[in-house]
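S.K.:
Numbering (my numbering), first residue to last: 79 to 196.
Dropping the structure here:
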């Protein structure tokens, strides 16, 4: 399964394994990941994991901003919603979450070569 690697000011803080469903990030206590950061809204963003439409056994992972005050940024671009790819970086306040999905990368590298003579 994919995961988020949480860093603060460049230092690794924690890994968050992702499971199917929604994971909410924000300052309030009822979030799945609570961030003590004044630049983070009460309910700031969600990470949504659902089965891939195209690759059986793999997952699509989306970052979605929940109308936060300071926005959610993926790879330097402010987003409302964005499909995440391996090694994308989601920034929320002073916190960064690197998306790691080695299974999808392995599947994308797999090639089927057909013999044109057959």
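Even glycine gets a Cβ: it sits at the ideal position worked out from N, Cα and C.
Please read these numbers as outputs of a predicted model, since none were measured by experiment.
To which residues of the same chain is residue 181 closer than 7 Å at the C-beta, ignoring the five residues directly before and after it?
M.R.: The sequence position of residue 181 within the chain shown is 103, counting from 1. If we look at residue 181 and ignore the five residues flanking it on each side, its Cβ neighbours are 136.
S.K.: At the level of alpha carbons, what is the spacing between residue 83 and residue 113?
M.R.: Along the chain shown, one-based indexing puts residue 83 at 5. Along the chain shown, one-based indexing puts residue 113 at 35. Their backbone Cα atoms lie some 14 Å apart in a straight line.
S.K.: For residue 159, write down the residues that DSSP places opposite it in a beta bridge.
M.R.: Counting from one through the chain shown, the residue named residue 159 turns up at place 81. Partner(s): 142.
S.K.: Output the distance between the C-alpha atoms of residue 100 and residue 126, rounded to the nearest integer angstrom.
M.R.: Locating residue 100 in the chain shown gives position 22, where the first residue counts as 1. Locating residue 126 in the chain shown gives position 48, where the first residue counts as 1. Distance between the alpha carbons of residue 100 and residue 126: 4 Å.
S.K.: Please state if the CB of residue 109 and the CB of residue 121 are separated by a distance shorter than 9 Å.
M.R.: In the chain shown, the residue the question calls residue 121 occupies position 43. In the chain shown, the residue the question calls residue 109 occupies position 31. Yes, the pair counts as a contact, with Cβ atoms nearer than the cut-off.
S.K.: Here's the rule: buried if 16 or more other CB atoms are within 10 angstroms of the residue's CB, otherwise exposed. What is residue 89?
M.R.: As a position in the chain shown, residue 89 is number 11, starting the count at 1. Exposed.
S.K.: Whole angstroms is fine: what's the gap from residue 162's alpha carbon to residue 143's?
M.R.: One-based indexing of the chain shown puts residue 162 at position 84. One-based indexing of the chain shown puts residue 143 at position 65. Roughly 13 Å between the two C-alpha positions.
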